[in-house]
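Comments concern the structure below.
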Amino acid sequence: MNRTMLAFAVAGWLLGAVVCHAQERVIDAFDSTQAWTVMPSDGVKASVSLVEGVEGKALRLQYNFEAGAGFVVLRRAAPPELQAGLGDHYRFTFQVQGQGPKNNLEFKLADPSGDNVWWLNQRAYEWPATWKEERLPDRKISFAWGPLGATVPSPKPGKIGFIEFAIAASEGGAGTVDFDSLTFEQLPPPAPVVHIPTVTFVNDREFEIDCKQVREFGGLMLNWDPQSHPIDYTIHGAMEDRKYSPIGTVRGARGGKRFVPLPDAQARFVRLTIEKNRGSKPALRGMEVLPIEFGSSDNAMFREIAGRVDRGLLPRYFHGEQSYWTVVGVPGDRDEALLSMDGAIEMGTGGFTIEPFLRLGTRLITWADVTTSHRLEEGYLPIPTVM
190 MNRTMLAFAV
200 AGWLLGAVVC
210 HAQERVIDAF
220 DSTQAWTVMP
230 SDGVKASVSL
240 VEGVEGKALR
250 LQYNFEAGAG
260 FVVLRRAAPP
270 ELQAGLGDHY
280 RFTFQVQGQG
290 PKNNLEFKLA
300 DPSGDNVWWL
310 NQRAYEWPAT
320 WKEERLPDRK
330 ISFAWGPLGA
340 TVPSPKPGKI
350 GFIEFAIAAS
360 EGGAGTVDFD
370 SLTFEQLPPP
380 APVVHIPTVT
390 FVNDREFEID
400 CKQVREFGGL
410 MLNWDPQSHP
420 IDYTIHGAME
430 DRKYSPIGTV
440 RGARGGKRFV
450 PLPDAQARFV
460 RLTIEKNRGS
470 KPALRGMEVL
480 PIEFGSSDNA
490 MFREIAGRVD
500 RGLLPRYFHG
510 EQSYWTVVGV
520 PGDRDEALLS
530 MDGAIEMGTG
540 GFTIEPFLRL
550 GTRLITWADV
560 TTSHRLEEGY
570 LPIPTVM
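Residue numbers (the working numbering): 190 to 576.
So, in structure tokens, the structure goes:
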């Protein structure tokens, strides 16, 4: 599903789902390089050293993809607590900064044999110039390869033998990546939301949401008055200490129900600072904390939204329904279009899609409001029509 197709439908989004916190365990503070083995592929030069970190020292990986491709792996043995098993719910965190071309950043877990591997592969990663915390909950780490996959569908990691960071060539070239403060945290199962967050207006330009405890969330549904609502605002998050930092911005918002995605946000308090609004004091009619999955991907976000807006505003497949397509073009053509059973046209391979709507006065007519018929030109030519 491409973003261009969806841009017309929904124009703003925010936060949800519960995770309680256990104690973080420091796996490696990176005050030494001794625990790590550097394993470059052919045509790659790599070395490690110590540099100044967030606190104390950090490990610097310097690499050069001289052949234009390849990879370099940093590997260390897992600590005893991970060798015993990860549990069902957990999170790894680490600090990273770097410079150089965009290349893939991989975080990997291997079982004691080293044959079965789980990973998160962030492709064409843009290296932050200053320290950035990466949080990797269990839902982001998936099975990559290994013999276990032939017997168990989507196996979960159990006993861990090795932890790896890898840089794989995307743009190639040379660069440096710094790592600091690798931690592990076991988490209880996500609990359903059973409370109503407290909303307090600080002044005419700010209001604060108290989620009652520190949470990971994927978004908020904010239901604004159509005539009195913010247009531009910044979202800040804070832990128990109320030290706020920006976690999202919204520009060009309208009234009514609005959804704001904040992938992997974490806070107890959420504050909205309004820079521009319509009407008098913005009137918030209601809000809802949304599940963590809401912010995990564009498709997950629109599936959640589809169940909360009028049917027909989003394509059929976001409701879990099959949509059939036919090719528009001649055999062997360089590029061909697709026409759906509902009249949506994908203009070229992997290109944008035009979704048909008809506005009659204040009413918007969608695929859900009409009866359609289909035909091919002369009954067989690849020139389809949807009426």
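Where a beta carbon is used, it is the ideal one built from N, C-alpha and C, also for glycine.
By the 10 Å Cβ neighbour count, where 16 or more other Cβ atoms means buried, how is residue i classified, buried or exposed?
{"i": "residue 256", "result": "exposed"}
{"i": "residue 401", "result": "exposed"}
{"i": "residue 383", "result": "For residue 383, the pLDDT reaches just 45, beneath the cut-off of 50, and the residue's location in the model is therefore unreliable, although a value from the coordinates is still provided. Residue 383 is exposed by the Cβ-count criterion."}
{"i": "residue 334", "result": "exposed"}
{"i": "residue 215", "result": "exposed"}
{"i": "residue 231", "result": "exposed"}
{"i": "residue 321", "result": "exposed"}
{"i": "residue 429", "result": "exposed"}
{"i": "residue 541", "result": "exposed"}
{"i": "residue 207", "result": "Unreliable positioning characterises residue 207 in this predicted model, as indicated by a pLDDT of 29, which lies under 50. A coordinate reading is not provided."}
{"i": "residue 404", "result": "buried"}
{"i": "residue 465", "result": "exposed"}
{"i": "residue 314", "result": "buried"}
{"i": "residue 203", "result": "Note that residue 203 has pLDDT 29, beneath the 50 cutoff, so the model's placement of it is unreliable and the number below is only indicative. Buried."}
{"i": "residue 270", "result": "exposed"}
{"i": "residue 288", "result": "exposed"}
{"i": "residue 360", "result": "exposed"}
{"i": "residue 416", "result": "exposed"}
{"i": "residue 456", "result": "buried"}
{"i": "residue 252", "result": "buried"}
{"i": "residue 553", "result": "exposed"}
{"i": "residue 440", "result": "exposed"}
Considering only the beta carbon of each residue, do residue i and residue j sit closer than 8 angstroms?
{"i": "residue 326", "j": "residue 280", "result": "yes"}
{"i": "residue 368", "j": "residue 248", "result": "yes"}
{"i": "residue 478", "j": "residue 346", "result": "no"}
{"i": "residue 481", "j": "residue 406", "result": "yes"}
{"i": "residue 418", "j": "residue 444", "result": "yes"}
{"i": "residue 500", "j": "residue 412", "result": "no"}
{"i": "residue 295", "j": "residue 308", "result": "yes"}
{"i": "residue 225", "j": "residue 275", "result": "no"}
{"i": "residue 528", "j": "residue 573", "result": "yes"}
{"i": "residue 227", "j": "residue 237", "result": "yes"}
{"i": "residue 272", "j": "residue 350", "result": "yes"}
{"i": "residue 261", "j": "residue 355", "result": "yes"}
{"i": "residue 476", "j": "residue 575", "result": "no"}
{"i": "residue 495", "j": "residue 507", "result": "yes"}
{"i": "residue 217", "j": "residue 245", "result": "no"}
{"i": "residue 366", "j": "residue 317", "result": "no"}
{"i": "residue 396", "j": "residue 431", "result": "no"}
{"i": "residue 151", "j": "residue 420", "result": "Residue coverage of the chain in this structure runs from 190 to 576, which leaves residue 151 outside it and unanswerable."}
What residue does the alpha helix (DSSP H) around residue i start on, and which one ends it?
{"i": "residue 336", "result": "Careful: residue 336 lies outside any alpha helix (DSSP H) and carries neither H nor E."}
{"i": "residue 497", "result": "It is not in any alpha helix (DSSP H) - residue 497 carries neither H nor E in the DSSP assignment."}
{"i": "residue 269", "result": "269 to 272"}
Find the nearest neighbour of residue i within the set the options, judged by alpha-carbon distance.
{"i": "residue 299", "options": "560, 318 and 353", "result": "353"}
{"i": "residue 463", "options": "475, 544, 390 and 525", "result": "390"}
{"i": "residue 510", "options": "524, 518, 531 and 523", "result": "531"}
{"i": "residue 278", "options": "376, 562, 420 and 410", "result": "376"}
{"i": "residue 450", "options": "424, 432 and 457", "result": "424"}
{"i": "residue 348", "options": "519, 319 and 304", "result": "304"}
{"i": "residue 293", "options": "485, 328 and 254", "result": "254"}
{"i": "residue 558", "options": "341, 520 and 503", "result": "503"}
{"i": "residue 283", "options": "370, 498 and 574", "result": "370"}
{"i": "residue 564", "options": "515, 553 and 535", "result": "515"}
{"i": "residue 485", "options": "328, 399, 340 and 259", "result": "328"}
{"i": "residue 448", "options": "489, 458, 243 and 434", "result": "489"}
{"i": "residue 537", "options": "524, 341 and 560", "result": "524"}
{"i": "residue 302", "options": "533, 336 and 467", "result": "336"}
{"i": "residue 250", "options": "357, 310 and 546", "result": "357"}
{"i": "residue 338", "options": "394, 533 and 306", "result": "306"}
The beta strand (DSSP E) with residue i in it runs from where to where?
{"i": "residue 450", "result": "445 to 467"}
{"i": "residue 564", "result": "563 to 565"}
{"i": "residue 390", "result": "387 to 392"}
{"i": "residue 401", "result": "395 to 413"}
{"i": "residue 248", "result": "246 to 254"}
{"i": "residue 217", "result": "214 to 217"}
{"i": "residue 423", "result": "418 to 427"}
{"i": "residue 265", "result": "260 to 266"}
{"i": "residue 477", "result": "473 to 479"}
{"i": "residue 240", "result": "233 to 241"}
{"i": "residue 576", "result": "Note, residue 576: premise wrong, no beta strand (DSSP E); not H, not E."}
{"i": "residue 560", "result": "Neither: residue 560 is in no beta strand (DSSP E) and is coded neither H nor E."}
{"i": "residue 222", "result": "Unbroken run through residue 222: none, as it is neither H nor E."}
{"i": "residue 279", "result": "279 to 288"}
Between residue i and chain E, is any beta-carbon pair separated by less than 8 angstroms?
{"i": "residue 405", "result": "Considering every chain present, this structure includes no chain E. It has just one protein chain."}
Going by the C-beta, is residue i closer than 7 angstroms to any heavy atom of the ligand MG?
{"i": "residue 393", "result": "The ligand MG is not part of the structure shown, which contains no ligands of any sort."}
* To do: Please specify which runs of the beta strand (DSSP E), each continuous and at least 3 residues long, are wholly inside the region 506 to 552, giving them in chain order.
  => For the region 506 to 552, whole beta strand (DSSP E) runs of length 3 or above, ordered along the chain, are 514 to 517, 526 to 529 and 547 to 549.
* **Runs of beta strand (DSSP E) wholly within the region 298 to 375 (minimum 3 residues, chain order)** => 306 to 314, 321 to 326, 331 to 334, 351 to 357 and 362 to 375
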